[in-house]
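Enquirer:
Residue numbers (this note's numbering), protein chains in the order written: chain A, 341 to 735; chain B, 108 to 509.
#1: Please identify the residue among A:612, A:439, A:662, A:621 whose C-alpha is closest to the C-alpha of residue 591 of chain A.
#2: With DSSP as the reference, identify every bridge partner of residue 324 of chain B, one or two as the case may be.
#3: How far does the alpha helix (DSSP H) with residue 209 of chain B in it reach, from first residue to last?
#4: Can you tell me which of the three DSSP states residue 421 of chain A falls into?
#5: Mind pulling the chain A residues with CB within less than 8 angstroms of residue 496 of chain B?
#6: Strictly below 9 angstroms CB to CB, what residues from chain B border residue 627 of chain A?
#7: Using three-state DSSP, classify residue 711 of chain A as helix, strand or coil.
#8: What residues of chain B sit near residue 407 of chain A, judged by a beta carbon separation below 9 angstroms?
#9: Which value, in whole angstroms, describes the spacing of the CA atoms of residue 142 of chain B and residue 273 of chain B?
#10: Could you check if residue 713 of chain A is buried or exposed, using at least 16 other CB atoms within 10 Å of its CB as the buried criterion?
#11: List the residues of chain B whose Cβ lies closer than 8 angstroms to the Cβ of residue 590 of chain A, in chain order.
#12: I'd like the span of the alpha helix (DSSP H) that includes residue 539 of chain A, first residue to last.
#13: I want to verify the contact list: residues of chain A whose CB lies under 8 angstroms from the CB of residue 503 of chain B, in sequence order.
#14: Roughly how many whole angstroms lie between the Cα atoms of residue 367 of chain A and residue 431 of chain B?
#15: Classify residue 238 of chain B as helix, strand or coil using the three-state DSSP reduction.
#16: Check the Cβ-Cβ distances between residue 664 of chain A and every residue of chain B, and say whether any is below 8 angstroms.
#17: Please report the distance separating the alpha-carbon of residue 369 of chain A from that of residue 510 of chain A.
#18: For a contact defined as C-beta to C-beta under 7 angstroms, what are the partners of residue 500 of chain B on chain A?
#19: Distance cutoff 8 angstroms, beta carbons only. Does residue 343 of chain B sit that close to anything in chain A?
#20: Hey, could you find the ends of the beta strand (DSSP E) residue 755 of chain A is sitting in?
#21: How is residue 665 of chain A classed by DSSP in three states: helix, strand or coil?
#22: Excluding five sequence neighbours on each side, which residues of the same chain lie with their C-beta closer than 6 angstroms to the C-beta of residue 338 of chain B?
#23: Our contact map puts residue 580 of chain A next to residue 704 of chain A with C-beta atoms below 8 angstroms; I'd like the distance itself, whole angstroms only.
#24: When you compare each of B:474, B:170, B:487, B:129 to residue 313 of chain B by their alpha carbons, which one comes out closest?
#25: Please determine, among B:395, B:136, B:161, B:374, the residue with the shortest C-alpha to C-alpha distance to residue 414 of chain B.
#26: Quick check: residue 529 of chain A and residue 346 of chain A, are their CB atoms within less than 8 angstroms of each other?
#27: Sorted by chain position, which residues of the same chain lie with C-beta nearer than 8 angstroms to residue 400 of chain B's C-beta, five sequence neighbours on each side aside?
#28: Would you identify the three-state DSSP class for residue 678 of chain A, choosing helix, strand or coil?
#29: Taking only the alpha-carbon atoms, compute the straight-line gap between residue 642 of chain A and residue 661 of chain A and give it to the nearest angstrom.
#30: According to DSSP, simplified to helix, strand and coil, what is residue 342 of chain A?
#31: Note the first and the last residue of the continuous alpha helix (DSSP H) segment covering residue 486 of chain A.
#32: Which ranges would you report for the beta strand (DSSP E) in the segment 543 to 609 of chain A if only whole runs of at least 3 residues count?
#33: If you count every other CB in all the chains shown that lies within 10 Å of the CB of residue 683 of chain A, and 16 or more means buried, which is it?
#34: Which class does residue 188 of chain B belong to by DSSP, given the choice of helix, strand or coil?
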């Protein structure tokens, strides 16, 4: 096959490219320039797409004897990932930009270009596996190393995309193995630190970064009954489940810590309460996609649903769940969404609604987060959480 | 079989120049030392200076060796401006064309950040500065102009400028003129005296010499403030141990390149360039040739560099076309400045009136003396499919982003 290897300059994508070469594919390396203003040097585990990263990737391509190019996707990245990130926060939601990048850049813009240029597949250094189903269609599974498993952030991939993806290190036993292989191959990136955080917020201070981009107004922090407890300097930088940084002087009556329960960008309020008030057992997601054929046995009621597991964060544990299909929602016009000064309000996302109920309550579920549903190691699909509630408390 | 169509980026070192270079590299001696070895090195350096001066119509004393074109440009713009400003604090205006190389643009912007006023000289669709514009901008207040810098030939689109006329206009007000002749050298006659400029930048590696050596040809009466301070070599204008091997190789390469202008080599290259341009416009009918006419002249020089074809291929994604041609064995360029691969729209094309979309679909083919007709014909044969595919890539690239 003709394979385009996406090379970030890190150890995982380096070994992935090397394995694609070993597998006999005709491999071309490409480094995606995503930042409009690339930094020169990496600082620790932070930052991304620096000239240093590009150079590291180029060096590995040289060792592998494969052609290497830097492709500029900075404009697409800004429109589809960075601006989306800002708009989601402005609407009181908590987005996952890495998923958005996978959905819009790596496995869309890049993959589309690769196909147009005659490649058969794009290879990346993700820890996930693609296995053929009984019918021969691709299935997405968790990576063999559950500590490194990245199937969650790939949950947005559709069968068409999976058909053109290679994850050569997904079956690796551990990150240590991948590093050892990089050392064995003489890659200069073998000891490079893992990257964490959001690549376009180099100092990791999301709140400060956002406050530059979203107009902030001071507003009230209130309890569930609506009683004012304090002030905040901009509701949008708060996230459901957040405990730190609330700066409420008056302790709760029972002396227990308070958590953000909700953010209302229209009223500019942050509602706080005790941890148990964060517990939810029913989730409603929109923009549902399936990483394979949609489950055939899934109906439109809880009784007709399927047993599965749901995971709501990249590194949280999956919990047993029941999932069923809701209505197909049409788009709510932007005009009816929250007016936010210069930030364009976003329509509420449309599409197939996915409903999920869990036995053991989940905590800190924020709208905008992604829920990925699994059956064992297999990713069934995902949806963006729009609403969460507690049936236990309602009854 | 590879075919190299990126001579404007760097040119192949010929065996004979390589021989000169390595012979010199084997010899010991700092040209500033007093002993026999140093004396011998100095003799070889001055011989190189003399030969290089002759190749560019200058006097040996006018040649200041540098590390390359970027350093020569920096020294000219920053150094001459600083010297002129020191003579008269009113001289705060620097006239620079909008299509200069980044070595000039960034130097000018550096001066701007230190209080200078940059007067950007606009260009026409072909990328040419109208001398009358220079006259008008100067006339607004001639006493306040420190320097005019306009490149002799553009690195992207190959347009040659009416430098002699611009120099005459500026000299009427005793204003010095610098020209970046890095791309022009070896492609069109570069004669310091005939052009009448006060400073001229050149570099070895664009004419078959090594990377890392260049020169600022500088009138005797100009004493730019140094950019590099040190031991006072090169008229106290450019300190640093002299690169005798680089100078010798540069002189040799410049002589050869200059000889090619009249021995039929350049005419043959220009004919191949015309063949490529005609074939390209034939196979890709909506391609737009940027820059000046293929024939025609400007102030006695060809209006366009004889090795340059630069086109806008509507709908083509430039990086994709480059990749496809590279895979097919052809080294080309999108012609735009690159920092970590983030290709900003070419300031040259924008200055010529092309839009960002067009600037993203540009491709530059630059020929050299060793380019063959077979290579040109092979490129022409490969182009239609590559253009078609990169148009598809451009289409999927545009989808979803809007």
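The C-beta atom is built at its ideal place from N, Cα and C for all residues, glycine as well.
Expert: Well, looking at it:
#1: A:612
#2: B:170, B:307
#3: 209 to 220
#4: helix
#5: 456, 457, 458
#6: Chain B residues near residue 627 of chain A: none, gap ~15 angstroms exceeds 9 angstroms.
#7: strand
#8: 430, 433, 434
#9: Distance between the alpha carbons of residue 142 of chain B and residue 273 of chain B is about 46 angstroms.
#10: The residue is buried, with at least 16 neighbouring Cβ atoms inside 10 Å.
#11: Those do not exist, as residue 590 of chain A stays about 49 angstroms from chain B at its closest Cβ, beyond 8 angstroms.
#12: From DSSP, residue 539 of chain A is part of no alpha helix (DSSP H); its letter is neither H nor E.
#13: 449, 452, 453, 455, 456
#14: 14 angstroms
#15: helix
#16: For residue 664 of chain A, no CB of chain B lies under 8 angstroms from its own CB, so it is not counted at the interface with that chain.
#17: 19 angstroms
#18: Simply 453, 456, 457.
#19: False, the Cβ-Cβ gap to chain A never drops below 8 angstroms.
#20: With chain A covering 341 to 735 only, the question about residue 755 of chain A has no answer from this structure.
#21: Here residue 665 of chain A sits in strand by DSSP.
#22: 346
#23: 6 angstroms
#24: When each option's Cα is compared against that of residue 313 of chain B, the closest is B:474.
#25: B:374
#26: no
#27: Sequence-distant Cβ neighbours of residue 400 of chain B in its own chain, meaning closer than 8 angstroms and more than five residues away, are 233, 410, 411.
#28: Unreliable positioning characterises residue 678 of chain A in this predicted model, as indicated by a pLDDT of 42, which lies under 50. The coordinate reading is nonetheless provided below. Coil, per DSSP.
#29: 11 angstroms
#30: strand
#31: Counting along the chain, residue 486 of chain A falls outside any alpha helix (DSSP H), and DSSP gives it neither H nor E.
#32: Segments of the beta strand (DSSP E) lying fully in the segment 543 to 609 of chain A: 559 to 562, 568 to 572, 599 to 604.
#33: Confidence in residue 683 of chain A is poor, its pLDDT being 45 and thus under 50, which makes the residue's placement unreliable; the coordinate value appears in the next sentence. Counting Cβ neighbours within 10 Å, residue 683 of chain A comes out buried, since at least 16 surround it.
#34: helix
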